[in-house]
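Residues in the sequence shown are numbered consecutively from 39, following the numbering used here.
Built from N, CA and C at the ideal position, the CB exists for glycine as well.
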Amino acid sequence: MIVLDASAVVELVLWTERGRRVGDAIARDRSLHVPELMVVEVGSVLRRLVAQGVVSEAMGADHLESVRQMPAERYGHDVLMGRAFELCHNLTMYDAVYVALAESLAATLLTFDSRLAAHLVTVPTSWCRSRRRLQRHFATAASSSR
Numbered sequence: 039m040i041v042l043d044a045s046a047v048v049e050l051v052l053w054t055e056r057g058r059r060v061g062d063a064i065a066r067d068r069s070l071h072v073p074e075l076m077v078v079e080v081g082s083v084l085r086r087l088v089a090q091g092v093v094s095e096a097m098g099a100d101h102l103e104s105v106r107q108m109p110a111e112r113y114g115h116d117v118l119m120g121r122a123f124e125l126c127h128n129l130t131m132y133d134a135v136y137v138a139l140a141e142s143l144a145a146t147l148l149t150f151d152s153r154l155a156a157h158l159v160t161v162p163t164s165w166c167r168s169r170r171r172l173q174r175h176f177a178t179a180a181s182s183s184r
């Protein structure tokens with residue numbers, strides 16, 4: 039079970055090297071979960087990339103539509119806000135929503151946000167730095183669930 043944060047989804051839709059790693063993780067574990075907030079955060083990043091000329095307006099819109107159509111279970115803010123608020127002494131409320139979701143599902147939070155990953159203790163986190171590290175994480179998770 040994987041919770042994707044906005045940083046992982048942006049890499050995925052841009053199909054960067056990191057995004058391909060996210061794609062590999064998704065191929066192995068098709069149980070994807072995201073807070074509804076993710077679409078807004080990804081939209082904000084895509085808008086910034088359009089403004090910077092990194093992607094065209096049409097490409098940004100296409101990427102956002104891909105995110106909206108992503109086959110992931112979505113969770114509203116109402117069910118996450120209480121726990122997220124408790125978690126935010128070292129996190130932004132935005133990041134705490136992802137952590138609260140991963141914690142509630144006992145899922146792995148997949149992120150490229152080094153600040154977020156550095157503050158996590160209670161949630162297994164894959165900070166996709168290298169394919170080998172990600173593979174080790176999934177191998178460990180698979181062997182411990184047997």
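**Report entry** Rounded straight-line distance, which links the Cα of Met97 to that of Asp43
**Finding:** 21 angstroms
Report task. Determine the burial state of Asp116: buried for a count of at least 16 other Cβ atoms within 10 Å of its Cβ, exposed for fewer. Result -> Exposed, because fewer than 16 other Cβ atoms sit within 10 Å of the Cβ of Asp116.
Query raised in the report: So, using beta-carbon positions, are Val83 and Val137 closer together than 9 angstroms?
Result: no
**Report entry** Cβ pair Leu118, His157 closer than 9 angstroms
**Finding:** no
Query raised in the report: Excluding five sequence neighbours on each side, which residues of the same chain lie with their C-beta closer than 7 angstroms to the C-beta of Arg112?
Result: Val72, Glu74.
Query raised in the report: Got a sec, what are the start and stop residues for the beta strand (DSSP E) Glu74 sits in?
Result: It is not in any beta strand (DSSP E) - Glu74 carries neither H nor E in the DSSP assignment.
Report task. Return helix, strand or coil for Arg68, following the three-state DSSP convention. Result -> DSSP places Arg68 in coil when its eight states are reduced to three.
Query raised in the report: Under 9 angstroms, do Ser69 and Asp151 count as touching if we go by C-beta distance?
Result: no
Query raised in the report: Three-state secondary structure (DSSP) at Leu154?
Result: helix
**Report entry** Span of the beta strand (DSSP E) around Val105
**Finding:** Taken as a continuous stretch (DSSP letters only), Val105 belongs to no beta strand (DSSP E), being part of the alpha helix (DSSP H) at 95 to 106.
Query raised in the report: Between Trp53 and the rest of its own chain, which residues show a CB-CB distance below 7 angstroms, the 5 nearest in sequence each way excluded?
Result: none
**Report entry** For Thr146 and Met131, the rounded distance between their alpha carbons
**Finding:** 19 angstroms
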